[in-house]
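Engineer: Structure in structure tokens, see below.
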Amino acid sequence: MDNGRPQNTNPTELRRLLQERTEDLQWVKAEYDNYRKRVRRDRMAIRHIAVANVLRALLPVLDAVDRTCAHEPMTPGLKDITDTLRAQLGSLGLETFGTEGDPFDPARHEAVVHHVSPDADELICTEILRPGYRLGDQLLRPAHVEVTGPPPPASNRLAGHGEAPHDDTERDDERPSPPVRPAAPNTWAPSSRRAPPRPSI
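The numbers in numbering that gives the first Met the number 0 rise by one with no breaks, and the one at position 97 of the sequence shown is 96.
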């Protein structure tokens, strides 16, 4: 190269070099775009984890506010605190769930009491003892509920495991004792067959 100009002036060679440099630039640009996407995705994941941790730590505060609202008169100050707290947490994506009449879902509900109703076909949440919360698709806390429905299936400790294998080996304390040979009967014999008495010394 002389004075910044390529020495080879062959048009075909120049087009080849230009194509190679263009492909290199396109590859670098694609790598940079992928890097930006990964950084954005990682930032969103970190933000989601941080928000979930903060919301999970504030759930006891919401429970305290709910208990206060249930047992104390709703004063303007208490109402303002409750509305502001729920609005701010809702803006972060916090959602509450758990309504009387919902079908029981073991993935979202935790049954504390089970009322048996032989006429029912499925378990229904009949009372919400503590609401559940979620952040998008992430479950922060299941709802504690009372359910009403059919009786649970009879518990069987061998259910799902099959019958226990039979062990034909007898333990030492279960083996029968060897038969005892009966003693010779104490039969009477004529005096002629009796052994003569031993002489006394």
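Yeah, the Cβ is synthetic: ideal placement off N, Cα and C, and Gly gets one too.
Since we're looking at a predicted model, the values are computed, not measured.
1. Residues in the same chain with beta-carbon distance under 8 Å from I123, minus the five sequence neighbours each way, listed in chain order, please.
2. Name the one or two DSSP bridge partners that Y132 has.
3. What does the Cβ neighbour count give for D172, buried or exposed, with the cut at 16 atoms within 10 Å?
4. For L93, which residues from the same chain have a beta carbon less than 7 Å from its beta carbon, with the 5 sequence-adjacent residues on both sides left out?
5. Looking only at C-alpha atoms, which of V64, A69 and N52 sits nearest to L139?
6. In terms of alpha-carbon separation, which member of H143, E121 and I80 lies closest to V60?
7. Using a 10 Å radius around the Cβ and a threshold of 16 neighbouring Cβ atoms, would you call H108 buried or exposed?
8. Could you compute how far the alpha carbon of E19 sits from the alpha carbon of Y34?
9. With a threshold of 8 Å on Cβ separation, who are the neighbours of E71 within its own chain once the five nearest residues in sequence on each side are excluded?
10. Cβ-heavy atom distance between D62 and the ligand FAD below 8 Å?
11. Quick test of your reading: L91 and V50, contact by CB under 8 Å. State the CB separation rounded to the nearest angstrom.
12. Where does G89 land, buried or exposed, given buried means 16+ other C-beta within 10 angstroms?
13. Would you tell me roughly how many angstroms separate the C-alpha atoms of D82 and P151, rounded to the nearest one?
Structural biologist: Reading from the atomic positions:
1. G100, D101, P102, F103, V146, T147 and G148
2. Answer is T95 and R140, bridged to Y132.
3. Low local confidence applies: a pLDDT of 49 at D172 is under 50, so the model's placement there is unreliable, with the coordinate-based value given in what follows. The residue is exposed, with fewer than 16 neighbouring Cβ atoms inside 10 Å.
4. L54, Y132 and L134
5. N52
6. For the set H143, E121 and I80, the Cα lying nearest the Cα of V60 is the one of I80.
7. By the neighbour-count criterion, in which 16 or more other beta carbons inside 10 Å mark a residue as buried, H108 falls on the buried side.
8. 23 Å
9. L77
10. The ligand FAD is absent from the structure shown, which contains no ligand whatsoever.
11. 5 Å
12. By the 16-neighbour rule on beta-carbons within 10 angstroms, G89 is exposed.
13. 41 Å
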